[in-house]
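Mapped onto my numbering, the consecutive letters of the sequence shown carry residue numbers 1 to 628.
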Amino acid sequence: MIATTQLAARLVRRHRDLYVGVMVMIALTMIIGGAEVSLASAFSHPQQVHMPEVSADKAPTIMVQARSVLWLMAFLAVGICGFILVSTITQVVSYRQREFAMMRLAGASRRHLGWLVFLECLIVSFVTGIPAILLGAALAPVFLRGLQAIDFFGPNLSVDVGISAGPLFTLLVTMTLLAGFAGRSALRRIPDRELAGAHDNTVSTMSWWSMTLRLIMGVGGIAAIALLNPQALGSYGMLALPFLAVIPAVALAPLLVPAGAWLVGHLVGLVAPGSGLLAAKRSSKDRLRYARLATPAIVAVGMVGGFMVANVPDEQLQAANFRAAVQSQTVAQVTGISQTDRAAQAWTEHHGKVARMGIVNRSKGTGEFESFMFADLPRLDALTSLHVVSGDATAVHGSDVAADAASHRVGDTIPMTDTRGHRFSAHVVATYTDPLYQAPILDWRQTGKFVREPGKMQTTMYLDGLDASTAQRIAASTGTHVTTYSKAQWIDQAIATRKANSYRSNVGIFGTVYLMCLISVVQMAVSGSMARHREFHVLRSLGVGLQRLLNVVGTETIIVQLAAGVLIGLSITALGTEFATTNGTSAGSAVAEVVPLSLTAFMVIAMLALIAQLTSVWAISHRSENRQ
Numbered sequence: 001m002i003a004t005t006q007l008a009a010r011l012v013r014r015h016r017d018l019y020v021g022v023m024v025m026i027a028l029t030m031i032i033g034g035a036e037v038s039l040a041s042a043f044s045h046p047q048q049v050h051m052p053e054v055s056a057d058k059a060p061t062i063m064v065q066a067r068s069v070l071w072l073m074a075f076l077a078v079g080i081c082g083f084i085l086v087s088t089i090t091q092v093v094s095y096r097q098r099e100f101a102m103m104r105l106a107g108a109s110r111r112h113l114g115w116l117v118f119l120e121c122l123i124v125s126f127v128t129g130i131p132a133i134l135l136g137a138a139l140a141p142v143f144l145r146g147l148q149a150i151d152f153f154g155p156n157l158s159v160d161v162g163i164s165a166g167p168l169f170t171l172l173v174t175m176t177l178l179a180g181f182a183g184r185s186a187l188r189r190i191p192d193r194e195l196a197g198a199h200d201n202t203v204s205t206m207s208w209w210s211m212t213l214r215l216i217m218g219v220g221g222i223a224a225i226a227l228l229n230p231q232a233l234g235s236y237g238m239l240a241l242p243f244l245a246v247i248p249a250v251a252l253a254p255l256l257v258p259a260g261a262w263l264v265g266h267l268v269g270l271v272a273p274g275s276g277l278l279a280a281k282r283s284s285k286d287r288l289r290y291a292r293l294a295t296p297a298i299v300a301v302g303m304v305g306g307f308m309v310a311n312v313p314d315e316q317l318q319a320a321n322f323r324a325a326v327q328s329q330t331v332a333q334v335t336g337i338s339q340t341d342r343a344a345q346a347w348t349e350h351h352g353k354v355a356r357m358g359i360v361n362r363s364k365g366t367g368e369f370e371s372f373m374f375a376d377l378p379r380l381d382a383l384t385s386l387h388v389v390s391g392d393a394t395a396v397h398g399s400d401v402a403a404d405a406a407s408h409r410v411g412d413t414i415p416m417t418d419t420r421g422h423r424f425s426a427h428v429v430a431t432y433t434d435p436l437y438q439a440p441i442l443d444w445r446q447t448g449k450f451v452r453e454p455g456k457m458q459t460t461m462y463l464d465g466l467d468a469s470t471a472q473r474i475a476a477s478t479g480t481h482v483t484t485y486s487k488a489q490w491i492d493q494a495i496a497t498r499k500a501n502s503y504r505s506n507v508g509i510f511g512t513v514y515l516m517c518l519i520s521v522v523q524m525a526v527s528g529s530m531a532r533h534r535e536f537h538v539l540r541s542l543g544v545g546l547q548r549l550l551n552v553v554g555t556e557t558i559i560v561q562l563a564a565g566v567l568i569g570l571s572i573t574a575l576g577t578e579f580a581t582t583n584g585t586s587a588g589s590a591v592a593e594v595v596p597l598s599l600t601a602f603m604v605i606a607m608l609a610l611i612a613q614l615t616s617v618w619a620i621s622h623r624s625e626n627r628q
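And the structure:
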């Protein structure tokens, strides 16, 4: 074992140029993951998190949600890195087929070679990961400020970040083992005939077993899109939606991308016969390499576009709910129970009809939440879309509450806890329906028993009989600070806030994935060109000029990226159509809203792939000329 480890270390030093892309990918993942894990660990300790403007009731909820999102981001980073590492290390292994063939001739078994590659990847990951993960932990405050720049956590939140040895060590071990098993998987995918040294190492073939598995994954992903009910997923389940766009596309890429490249190549061949037809012919010969070049674009655009296109129908449904929610003339937002009561009294004295409503989300300490609503229920029934369907709304008082009709009936009991920690059973005396809210409703006068910091409670007030400007003037005359909206203004503001939150989630959660894919596309382009250096050398020896060679490679790259774009575009369109059809919204508007950002993301990654490919070919050709 020691001798094998020493040999692996020597081979890593010998092939360090080939492993540069792997090291960059691991380092980037460790830096990002180290920052995310450090922040997630800090959010587990309330004394390290400072939110001066957030109430004591809301703070634990924000901390749990932030911790969950950060762990999710770290999980996505590691998962995407592992996914890309398989393709990246496969290219490294493919480039070394002759070397492995010589080892086989010297008596090494495939098992020995598998362990050798495993140890090489472990060494690369370990050596790269230790400084990278420490750097990531040190950059955690910077990472937090970056997220706050897009208002992901709010500008007034600060965190005391320290070195969390346990989570960081777990991340390091996970990434190291992931890289090792990616190496073993890469070697296992090379057939014996290729390790015999008689096969062109610039071309990788696909076994029937691999093809069958990909077909199963692709068909299964398509079936999931067709059969899945998005309404049953919940808020966290929605984050899994991008994978429905990515998995089928990636699984079927070796089958569909070459087919698309063949078609596009022949079309290009009508204008540029040499470049287009050569790319078309090679597409059927080297399916896996074409698929690897297309994978970063599929993953990056699929993650971003898949989340957006699945979220747009939900946004449309919520927008309709917002429009239906307000029956009053004016809506006001105010902070603090005392200010709410003072404004309500002043408006009532001016013959306004007022309904107060506030929500408290409280962490149970186990990752679960309990929510309470406090409202003037009879008036809320008249001024909003909330409707009492059974029981008596006027009976809501003390420990008697109203509850969502979908999950409760009159006579049920609901366990609750007050601010002193006393648990009691609330009795359901009325049930209601509402598209926006489902929490138990207590009488507004019970806020003192359940709200820890009354001065920081966010309240919404619905008002009839006074317009927004008049309500604002009356409240100001009593020294009360409120923000008033007309019905139309409040609806527009609520819809805009919802869209902004979705955008921030998209950028915050999937932005790191996109960044990693940008790095991956450069690495794959460079390693792919290195694997074909003999082919390029032969072409130059036959008199093919550098300009001609760059034209051929550039055309080939564009064709591959176009084929990938068509594939992921079809996946996103299918996902958006299915989800829009399910909830009765417009599929066309859902897809149209996603097109600008998805197209921009695709164009950036396609241009980067083209530049990286041409640059690497030029460098290899220039180096070959210097050697001659």
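Every residue, glycine too, gets a C-beta built ideally from N, C-alpha and C.
Where residue i falls, given that 16 or more other Cβ within 10 Å makes a residue buried
{"i": "residue 19", "result": "buried"}
{"i": "residue 538", "result": "exposed"}
{"i": "residue 201", "result": "Unreliable positioning characterises residue 201 in this predicted model, as indicated by a pLDDT of 49, which lies under 50. The coordinate reading is nonetheless provided below. Buried is the call here."}
{"i": "residue 422", "result": "exposed"}
{"i": "residue 293", "result": "buried"}
{"i": "residue 347", "result": "buried"}
{"i": "residue 215", "result": "exposed"}
{"i": "residue 198", "result": "Confidence in residue 198 is poor, its pLDDT being 45 and thus under 50, which makes the residue's placement unreliable; the coordinate value appears in the next sentence. Answer is exposed; the Cβ neighbour count stays below 16."}
{"i": "residue 118", "result": "buried"}
{"i": "residue 281", "result": "exposed"}
{"i": "residue 173", "result": "exposed"}
{"i": "residue 565", "result": "buried"}
{"i": "residue 156", "result": "exposed"}
{"i": "residue 180", "result": "buried"}
Three-state secondary structure assigned by DSSP to residue i
{"i": "residue 483", "result": "strand"}
{"i": "residue 163", "result": "coil"}
{"i": "residue 266", "result": "helix"}
{"i": "residue 440", "result": "coil"}
{"i": "residue 474", "result": "helix"}
{"i": "residue 32", "result": "helix"}
{"i": "residue 542", "result": "coil"}
{"i": "residue 457", "result": "coil"}
{"i": "residue 101", "result": "helix"}
{"i": "residue 427", "result": "strand"}
{"i": "residue 446", "result": "helix"}
Selected residue, minimal CA-CA separation from residue i, among the options
{"i": "residue 599", "options": "341, 304 and 404", "result": "304"}
{"i": "residue 516", "options": "298, 156, 354 and 491", "result": "298"}
{"i": "residue 162", "options": "345, 459, 106 and 42", "result": "42"}
{"i": "residue 552", "options": "265, 477 and 393", "result": "265"}
{"i": "residue 267", "options": "559, 224 and 243", "result": "559"}
{"i": "residue 426", "options": "101, 409 and 486", "result": "409"}
{"i": "residue 486", "options": "474, 478, 501 and 467", "result": "467"}
{"i": "residue 393", "options": "430, 118 and 547", "result": "430"}
{"i": "residue 338", "options": "250, 398, 454 and 289", "result": "454"}
{"i": "residue 353", "options": "555, 606, 384 and 419", "result": "384"}
{"i": "residue 451", "options": "418, 96 and 102", "result": "418"}
{"i": "residue 306", "options": "360, 570, 95 and 121", "result": "570"}
{"i": "residue 433", "options": "289, 492 and 381", "result": "381"}
Proximity of residue i and residue j at Cβ, strictly below 7 Å
{"i": "residue 88", "j": "residue 22", "result": "yes"}
{"i": "residue 444", "j": "residue 372", "result": "no"}
{"i": "residue 48", "j": "residue 142", "result": "no"}
{"i": "residue 482", "j": "residue 442", "result": "no"}
{"i": "residue 218", "j": "residue 242", "result": "no"}
{"i": "residue 144", "j": "residue 37", "result": "no"}
{"i": "residue 254", "j": "residue 223", "result": "no"}
{"i": "residue 334", "j": "residue 459", "result": "yes"}
{"i": "residue 332", "j": "residue 461", "result": "yes"}
{"i": "residue 379", "j": "residue 355", "result": "yes"}
{"i": "residue 86", "j": "residue 182", "result": "yes"}
{"i": "residue 500", "j": "residue 561", "result": "no"}
{"i": "residue 34", "j": "residue 130", "result": "no"}
{"i": "residue 495", "j": "residue 319", "result": "yes"}
{"i": "residue 633", "j": "residue 369", "result": "Because the chain here runs from 1 to 628, residue 633 falls outside it and cannot be looked at."}
Neighbour flag for residue i against chain C, beta carbons, 7 Å
{"i": "residue 348", "result": "Checking the listed chains, one finds no chain C in this structure; it contains a single protein chain."}
Residue i Cβ short of 6 Å to the ligand ZN heavy atom set
{"i": "residue 72", "result": "Ligands are entirely absent from the displayed structure, and the ligand ZN is therefore not among its contents."}
With a floor of 3 residues, list each beta strand (DSSP E) that falls wholly inside the segment 366 to 406, ordered by position along the chain.
Entirely contained in the segment 366 to 406, the beta strand (DSSP E) runs reaching 3 residues are, in chain order, 369 to 375, 387 to 391 and 400 to 404.
Give the list of continuous alpha helix (DSSP H) stretches no shorter than 4 residues that lie fully inside the segment 3 to 89.
Runs found: 20 to 42.
Entirely enclosed beta strand (DSSP E) segments - the segment 313 to 342, minimum 3 residues:
Listed in chain order, they are 330 to 335.
Could you tell me which uninterrupted beta strand (DSSP E) segments, each at least 3 residues in length, are contained entirely in the segment 545 to 618, listed from first to last along the chain?
Listed in chain order, nothing qualifies, since the segment 545 to 618 has no complete beta strand (DSSP E) run of 3 or more residues.
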